[in-house]
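A.B. asks:
Protein chains: 2
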Amino acid sequence: MSPKPRANDVKERLVAAAIRLLDEGGPEALQARKLAAEVGVSTMAVYTHFGGMAALVDEVARTGFVRLSAWLAEVGETDDPVADIFSLARTYRQAVAEQPQLFAVTFGQAAPGGKRATLSDLTTEEGREAAQEGLEAFDHIVRATERAIEAGRFRPADKYQAAAQLWSALHGFVTLEASGHFGAAEQGIDHILIPLGITLAVGLGDTVEQAERSTEAAKAAWRARNRNAGQGGND
Amino acid sequence: MSPKPRANDVKERLVAAAIRLLDEGGPEALQARKLAAEVGVSTMAVYTHFGGMAALVDEVARTGFVRLSAWLAEVGETDDPVADIFSLARTYRQAVAEQPQLFAVTFGQAAPGGKRATLSDLTTEEGREAAQEGLEAFDHIVRATERAIEAGRFRPADKYQAAAQLWSALHGFVTLEASGHFGAAEQGIDHILIPLGITLAVGLGDTVEQAERSTEAAKAAWRARNRNAGQGGND
DNA sequence: AGTCCATTTATAACAGGGTTATGAGATACT
DNA sequence: AGTATCTCATAACCCTGTTATAAATGGACT
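Just so you know, the sequences run in chain order Z and V.
FYI, the numbering for the first sequence is 65 to 299, going by the working numbering.
FYI, the numbering for the second sequence is 65 to 299, going by the working numbering.
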């Protein structure tokens with residue numbers, strides 16, 4: 065509705081176009097000339113707004129973290145914190161599965177700039193206040209872990225350390241799956257991710273029975289959510 | 065001792081130079097002209113021996129898997145399979161910590177070619193025979209897991225699925241640590257990797273006491289191994 | 001030994017990227 | 001209105017992957 069685009073509207077459109085081209089054509093599609101053509105400006109726009117391709121890619125990576133956080137935020141809290149952890153995991157995996165190229169950049173896998181949002185000493189009292197963008201995603205796991213501890217499902221423990229364990233496992237599974245291991249989608253989830261979640265929950269203090277019940281609860285919540293959202297689930 | 069280099073000796077020297085430049089200067093140092101200058105040939109060598117930079121990078125990635133496998137193979141088998149799993153994890157992490165750039169390429173994080181050794185359906189009976197290079201590393205984890213199950217430390221389970229859980233967690237920790245999360249080396253190991261290992265072992269059927277004893281055994285073995293090898297441990 | 005053929009290699013050019021110099025246009029403020 | 005600043009298009013520059021071409025090398029066969 066704006067014939068004359070606003071001042072830094074170009075900036076946002078460049079990032080949007082970058083993500084679009086990235087998803088469609090992979091990292092090689094992230095080219096200044098292609099971006100400029102897509103948005104309808106010259107390559108100079110990249111330099112006036114970002115200073116170079118590296119900074120633009122950094123912004124794309126940051127956007128990935130923001131989207132992941134937003135997605136995880138949509139996972140509400142129920143009275144079963146372990147089920148919530150499963151739901152977070154499923155959502156985390158779903159985000160990466162839907163936009164693998166974007167999150168490959170976000171997780172620093174293809175960023176040429178090399179500068180990535182480091183969470184530094186997340187598990188120590190100190191460096192945690194230096195909360196960057198990426199920390200928000202981790203915080204969702206931390207909070208659910210905290211509730212699991214408070215509810216007695218997990219043994220008393222440092223919530224950050226316990227959450228870091230869950231995050232490591234989840235991130236590893238998602239990364240390996242995105243790299244092509246673990247085969248088709250449902251297979252990886254049913255054969256590895258869910259058993260992995262049960263293993264971790266039990267190892268952190270839950271009972272096998274309760275953990276399995278929580279996976280069923282999370283599955284039901286997932287199905288209900290997809291039905292409402294009307295998303296043609298690709299997994 | 066060979067004044068005149070053999071025929072495809074250039075090929076090996078190119079890969080060696082690539083790994084050297086990669087470790088020293090990061091992915092940006094992987095340039096045809098720099099490689100050629102380093103080896104003392106023209107850039108044509110890259111094309112006669114590999115067909116292009118993409119294939120050369122693939123070879124570098126493959127070399128990473130080979131080195132990882134070789135390193136894991138050095139971890140012997142003791143009568144404590146859970147301790148062996150800890151030792152494998154420590155070794156896996158050590159390899160990545162010592163050559164982060166190489167394994168960033170190996171794990172497909174920076175490969176522009178996009179073609180990576182996919183392990184496909186590792187957890188199904190079928191696709192496992194299509195054993196690629198990278199499978200050897202995974203096999204070490206599978207075998208240790210199998211022994212843990214046979215020894216009664218882990219509950220009876222599909223060894224591939226259980227090993228895939230361990231691999232996911234380990235790979236996730238290593239990846240996140242290499243990205244700068246989890247802070248300094250010892251911190252990440254003591255605060256996250258070891259507790260994560262205990263959590264997984266317990267979740268798979270081990271007792272807390274036995275799992276903790278195995279971590280101590282693995283620590284002792286690690287110290288003894290570093291003493292003998294005389295490696296100035298950076299972790 | 002001499003000749004032929006395949007492979008390897010160097011040189012030089014091409015193509016496609018990121019980046020920069022420069023000036024024109026637009027925008028905002030006085 | 002005038003001026004300063006920001007934004008952007010044009011055109012060039014440099015660097016990197018790649019390729020065309022021909023020289024050189026080395027082995028195989030007669």
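Just so you know, even glycine gets a beta-carbon here, dropped at the ideal spot from N, CA and C.
1. The alpha helix (DSSP H) that contains PHE150 (chain Z), what's its start and end?
2. Contact between the region 109–120 of chain Z and the region 72–81 of chain Z is defined here as three or more beta-carbon pairs at a separation below 8 Å; is this criterion met?
3. When the cut-off is 7 Å and only beta carbons count, does VAL266 (chain V) lie next to chain Z?
4. When the cut-off is 7 Å and only beta carbons count, does ALA212 (chain Z) lie next to chain V?
5. Is ALA174 (chain V) helix, strand or coil when you go by DSSP?
6. Kindly list, in the order they appear in chain V, the residues whose Cβ is closer than 8 Å to that of PHE129 (chain Z).
7. Thinking C-alpha only, which one of Z:GLN158, Z:VAL169 and Z:ALA101 is nearest THR127 (chain Z)?
8. Hey, could you find the ends of the alpha helix (DSSP H) THR142 (chain Z) is sitting in?
9. Is the Cβ-Cβ distance between ARG301 (chain Z) and GLY269 (chain Z) less than 7 Å?
10. Applying a beta-carbon distance threshold of less than 8 Å, which residues of chain V neighbour HIS204 (chain Z)?
11. Looking at GLN165 (chain V) and GLY90 (chain V), is the spacing between their C-beta atoms short of 7 Å?
12. Just checking, does the region 225–235 of chain V make contact with the region 279–295 of chain V on the three C-beta pairs under 8 Å criterion?
13. On the DSSP letters alone, give me the boundaries of the alpha helix (DSSP H) that PRO259 (chain V) sits inside.
14. Between the C-alpha atoms of LEU85 (chain Z) and VAL238 (chain V), what's the straight-line distance to the nearest angstrom?
15. Is the CB of THR239 (chain Z) under 7 Å away from at least one CB in chain V?
16. Would THR271 (chain V) be called buried (16 or more neighbouring beta carbons within 10 Å of its own) or exposed?
17. Which first and last residues belong to the alpha helix (DSSP H) in which PHE202 (chain Z) is found?
18. Are the C-beta of LEU136 (chain Z) and some C-beta of chain V separated by less than 7 Å?
19. Tell me which same chain residues have a C-beta within less than 7 Å of the C-beta of PHE246 (chain Z), skipping the five on either side of it?
20. Output the boundary residues of the alpha helix (DSSP H) element that contains GLY236 (chain V).
21. Along the chain, where does the alpha helix (DSSP H) that runs through VAL74 (chain Z) open and close?
C.D. replies: Result, derived from the coordinates:
1. Counting from 1 along the first sequence, the entry for residue 150 (chain Z) is found at position 86. Taken as a continuous stretch (DSSP letters only), the alpha helix (DSSP H) holding PHE150 (chain Z) covers 145–162.
2. yes
3. Locating residue 266 (chain V) in the second sequence gives position 202, where the first residue counts as 1. Judged by the 7 Å Cβ criterion, VAL266 (chain V) is in contact with chain Z.
4. For the purposes of this step, residue 212 (chain Z) is taken as the residue at position 148 of the first sequence. No, ALA212 (chain Z) lies away from the interface with chain V (no Cβ there is under 7 Å from its Cβ).
5. For the purposes of this step, residue 174 (chain V) is taken as the residue at position 110 of the second sequence. Model confidence at ALA174 (chain V) stands at a pLDDT of 38, short of 50, so the residue's coordinates are unreliable; what they give is reported in the following sentence. The answer is coil: DSSP assigns ALA174 (chain V) none of H, G, I, E or B.
6. Counting from 1 along the first sequence, the entry for residue 129 (chain Z) is found at position 65. By Cβ distance, chain V contributes nothing, its closest Cβ being about 12 Å from PHE129 (chain Z), past 8 Å.
7. Stepping through the first sequence from its first residue, residue 127 (chain Z) is reached at position 63. Closest by alpha carbon: Z:VAL169.
8. Counted from its first residue, the first sequence places residue 142 (chain Z) at position 78. First-last for THR142 (chain Z): undefined, no H or E at that position.
9. In the structure as shown, chain Z begins at 65 and stops at 299. Residue 301 (chain Z) is therefore absent and cannot be evaluated.
10. For the purposes of this step, residue 204 (chain Z) is taken as the residue at position 140 of the first sequence. Within chain V, no residue comes near HIS204 (chain Z); the closest Cβ sits about 16 Å away, beyond 8 Å.
11. Counting from 1 along the second sequence, the entry for residue 90 (chain V) is found at position 26. Counting from 1 along the second sequence, the entry for residue 165 (chain V) is found at position 101. Closer than 7 Å, so yes.
12. no
13. As a working mapping, residue 259 (chain V) is identified with position 195 in the second sequence. Looking at the DSSP string, the run of the alpha helix (DSSP H) that includes PRO259 (chain V) is 258–267.
14. Here residue 85 (chain Z) is taken as the residue at index 21 of the first sequence, counted from 1. Here residue 238 (chain V) is taken as the residue at index 174 of the second sequence, counted from 1. Cα-Cα distance, rounded: 30 Å.
15. Position 175 of the first sequence holds residue 239 (chain Z). It does; some Cβ of chain V falls within 7 Å.
16. Within the second sequence, the letter at position 207 stands for residue 271 (chain V). Burial call: exposed.
17. For the purposes of this step, residue 202 (chain Z) is identified with residue 138 of the first sequence, where counting begins at 1. Per DSSP, PHE202 (chain Z) belongs to the alpha helix (DSSP H) from 199–214.
18. In the first sequence, the residue the question calls residue 136 (chain Z) occupies position 72. No, its Cβ sits nowhere closer than 7 Å to a Cβ of chain V.
19. Counted from its first residue, the first sequence places residue 246 (chain Z) at position 182. Excluding residues within five positions, the ones whose Cβ falls inside 7 Å are LEU240, GLY252 and ILE256.
20. As a first step, residue 236 (chain V) is located in the second sequence; it is residue number 172 there, counting from the start. Here the alpha helix (DSSP H) through GLY236 (chain V) covers 223–242.
21. Locating residue 74 (chain Z) in the first sequence gives position 10, where the first residue counts as 1. Note, VAL74 (chain Z): alpha helix (DSSP H), 73–89.
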